[in-house]
Amino acid sequence: MQATIRKWGNSQGIRIPKAFLEALGMMENDLVELKRVDDAIVVTKVRKAEGLRLEDIFEGYSGESAAGEFDWGLSAGKEVQ
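The working numbering applies: residue -16 is where the sequence shown begins, and numbers increase by one.
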């Protein structure tokens, strides 16, 4: 398949046929990543993290911090009053 690069505002773009996108599981407004590989452009659909919820992130967290005091060294500068 061939396409022509055309001016689009201050950039350039190509049109990708709908059937081509559907075959790749892509559609209008999908977020894609562009990579340059040698002298080719690779377009990959960005997959969203599925099923990641705030509850999943904090699973097993008891609410207490394991960190203790930290010695930053001697005070210096205008914070010393």
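Every residue gets a Cβ at the ideal spot worked out from N, C-alpha and C, and that includes glycine.
DSSP-derived helix/strand/coil call for residue i
{"i": "Lys61", "result": "helix"}
{"i": "Leu37", "result": "helix"}
{"i": "Ala23", "result": "strand"}
{"i": "Glu69", "result": "Since the first residue shown for the chain is -16 and the last is 64, residue 69 is missing from the structure and cannot be characterised."}
{"i": "Leu17", "result": "strand"}
Close Cβ partners of residue i (< 7 Å) along its chain, the five nearest in sequence each way excluded
{"i": "Leu4", "result": "Met10"}
{"i": "Asp13", "result": "Lys28"}
Residues near residue i in its chain [Cβ-Cβ closer than 6 Å; skip 5 each side]
{"i": "Lys18", "result": "Val25"}
Limits of the unbroken beta strand (DSSP E) element including residue i
{"i": "Lys(-10)", "result": "-11 to -9"}
{"i": "Ser(-6)", "result": "-6 to -4"}
Residue range of the alpha helix (DSSP H) that includes residue i
{"i": "Ala2", "result": "1 to 6"}
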